[in-house]
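According to this note's numbering, the sequence shown is numbered sequentially starting from 20.
All C-beta atoms, glycine included, are put in the ideal place defined by N, C-alpha and C.
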Amino acid sequence: MLLNTFLNTPKHPWYEYHMKRINPYSRPDAVAKLDGRSKEARLVKETRRELLAHLGKKPTVTQIALVERVAWIRLHLSLLDRKMAGTAPGERDARQYLAWTNTMAKLLTRLGLDQPEHDVAPIPSLDSLLASRRASA
């Protein structure tokens with residue numbers, strides 16, 4: 020069991036040789052193998068969780084499908100951000116980035132994320148916090 024754990028750690032040469040890194044243009048079957056331990060998988064899970072929490076108690080099937088698409092597009096955009104961080108983007112990367120960004124914006128608009136459906140409590144001002152503190156003291 021210890022050997023198995025050691026071989027599955029990302030720093031082991033065997034792992035690096037056999038497990039290819041996920042990049043913006045990875046095939047869908049490679050991206051689907053994310054098991055929850057990588058940064059990429061955590062980003063997809065976090066995006067899903069945040070969007071579903073924002074949608075409220077019971078999202079519809081179509082909203083869930085849109086959330087799934089947004090999560091995967093956010094992953095691809097994040098990978099492209101990482102790729103382009105040190106170098107100027109190539110023509111393909113720039114076009115793909117713009118296309119994915121526009122698609123994500125349209126999906127978020129369809130989900131209605133420009134305005135939350137449920138009421139959000141307003142953030143109290145500093146003056147009101149100090150006044151309530153003085154009143155309770």
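Asked	Found
Sequence-distant residues of its chain with Cβ nearer than 7 Å to Thr-120 (five each side left out)	Leu-96
Assumed close pair Leu-99, Leu-62 - CB separation to whole angstroms, cut-off 8 Å	Actually they are not in contact, since the Cβ atoms of Leu-99 and Leu-62 sit about 13 Å apart, beyond 8 Å.
C-alpha gap between Ala-118 and Asp-112, whole angstroms	10 Å
Three-state class that DSSP yields for Ile-142 in the structure shown	coil
Rounded separation between Ala-3 and Ile-83 - CA only	The structure shown does not extend to residue 3, since the chain is modelled only from 20 through 156, so no value can be given for it.
Per-residue DSSP class, three states only, for Lys-102	helix
Within 9 Å, strictly: CB atoms of Thr-122 and Ala-90	no
Short Cβ contact (9 Å threshold) for Leu-130 with Val-86	yes
Cβ shell of Leu-126 (< 8 Å), same chain only, five flanking positions each side left out	Leu-85, Arg-88, Val-89, Ile-92
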